[in-house]
Amino acid sequence: MAKEKKIYVCKECGQESPKWVGRCPACGNWNTFVEQVVRKEAASARTLPEGFEVHDGRPKPRMLSEIETKEEPRIDMRDAELNRVLGGGLVPGSLVLLGGEPGIGKSTLVLQTVMNLRHLRVLYVSGEESARQLKLRADRLKCLSPVSGESESDQDCMIVCETSLEQIFTHIKNTQPQLVVVDSIQTISTETVDSSPGSIVQVRECAAMLLKFAKTQNVPVLLIGHITKEGTLAGPKILEHIVDTVLQFEGDQHYMYRILRSIKNRFGSTSELGIYEMRADGLRQVSNPSELLLSENLEGLSGVAVSSAIEGVRPFLIETQALVSTAAYGTPQRSATGFDSRRLNMLLAVLEKRIGFKMAQKDVYLNIAGGLRVSDPAIDLSVIAAIISSNMDCGLEADVCMAGEVGLSGEIRPVSRIEQRIAEAEKLGFKRMLLPRSNMQGLDLQRYSIELVPVRKVEEAVRELFG
């Protein structure tokens, strides 16, 4: 029997220490070391069970010029939003980690995706739900209904409820899947480590063995992971370094929209994102989010301005809503939902200093409609327009949108991807758009039917909007 020993492992970076220390020498965080009981051979036990052949053998040093490259074949996930975030599809032999808050829809997204992969053998390993629960969810999502020209037998998705990594490899050996899904990595444990499932050592060892399986057998593995209350992925930080792609599934549970972001992607860009709408029968892809984020009738409403924002590389129009009222309790309130509150205070200071609007004794509430959180600085101009509109109780024209970053001196700074922003506003029927004067250089005005109004300062924008 192997001799057991106790070590201390950092929860943030995975650094090991024979004794407890207050500050991690690797990452510098305080009070992150926890005690773990491991066996001595655990560090060298990352070998696959018998029956898995290593195709490439031992690697040998080669010149960079001698290495042949070709376009990586990708697996079509039958989901345009997911394909976009992955960089064009799932790469064979890749290890993908999907994280998100509890109840946000991680398992729903993965289950409805793999059930739509016709003629692709999928092994779905569930460590949290029973097979009956998964069947009921699939029925609710209507994943088992065959598409035209196909029968229900064409679906080749197998379900197994298992938490032992060794038994999972046995099922993989018997079924020979083309895609493996593990829900979730925190529930899987291996016999080579004597600790509870979900511990730092267990997560690290299981992820390392699954990575070795994916690379040697050229089979993609999709892991579902939990996140902590701080919003980071549970487990050691080395888990994010091991995997090829890290996807973050986020959104407010009280709203219907979900955003899929790529935090790390070795096979594509990390600036892509996918937008979904949560419904009773599952997640629906949102190909044009602007139509859902805008109200049908903005005529006569004060405190509402439309901005052309870029999230990732996708342009869409959003509503910026503001409410300005007299402070009832002496101390003015500043509240922002979906927007940085510190940037809101900066914009209020610009309004008071450069334009003369006195906001010191007034409450200001700001909201980004739809439950989205936007960090694009190009919506600064719409934030100021909504605040002034609410303060004056005067509504903006319904066919006007804007894009521009506001500087501390009151200037309207240029923004990126201005052509995409203009095209999105024109596609949705807006007649006039305010944009920074610096962005007018190089624009072909004959291409657009929308009226472009260049502004250089906040005062010019206020005169254009309110006269």
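Using this note's numbering, count along the sequence shown one by one with no gaps and you end on 459. Glycine included, C-beta positions come from ideal geometry on N, C-alpha and C. The model shown is predicted, which means the values in this text are computed figures rather than measured ones.
Judged by DSSP in its simplified three-state form, cysteine 16 adopts coil rather than helix or strand. Non-local C-beta neighbours of asparagine 337 in its own chain, meaning closer than 8 Å and more than five positions away in sequence, comprise Arg326, ordered along the chain.
By the Cβ neighbour-count rule, aspartate 131 is exposed, with fewer than 16 other Cβ atoms within 10 Å of its own. Lysine 207 has its alpha-carbon roughly 14 Å from the corresponding atom of phenylalanine 161. Here tyrosine 357 is bridged, per DSSP, to Leu315 and Ser327. DSSP places cysteine 198 in the uninterrupted alpha helix (DSSP H) bounded by 192 to 209.
When the Cα atoms are used, phenylalanine 458 and leucine 388 turn out to be separated by approximately 8 Å.
Under the 8 Å Cβ criterion, the segment 444 to 457 counts as touching the segment 364 to 381, having at least three qualifying pairs. With a 10 Å radius around the Cβ and a threshold of 16 neighbouring Cβ atoms, serine 118 comes out buried.
Residue state for leucine 128 is assigned as helix, using DSSP reduced to three classes.
Counting along the chain, glutamate 303 sits inside the beta strand (DSSP E) bounded by residues 296 to 303. No Cβ-Cβ contact shorter than 7 Å links glycine 402 with arginine 335. Under the 10 Å beta carbon count, asparagine 359 is surrounded by 16 or more other beta carbons and is classified as buried.
The continuous beta strand (DSSP E) containing aspartate 175 extends over residues 171 to 175. Comparing alpha-carbon positions, the option among Ile177, Gly190, Gln178 and Gln194 lying closest to threonine 184 turns out to be Gln194. Taking methionine 248 as the centre and dropping the five residues before and after it, the same chain places the C-beta of Glu269 and Met270 closer than 6 Å to its C-beta, in chain order. Using a Cβ distance threshold of 7 Å, proline 428 and glycine 396 count as a contacting pair. Within the model, the alpha-carbon separation for leucine 435 versus phenylalanine 331 is close to 30 Å. A contact between stretches requires three or more CB pairs, one per stretch, nearer than 8 Å, and the segment 73 to 83 fails this requirement with the segment 111 to 126. For phenylalanine 241, the enclosing beta strand (DSSP E) has its first and last residue at 237 to 242. Exposure of proline 17 is indicated by the presence of fewer than 16 other C-beta atoms within 10 angstroms of its C-beta.
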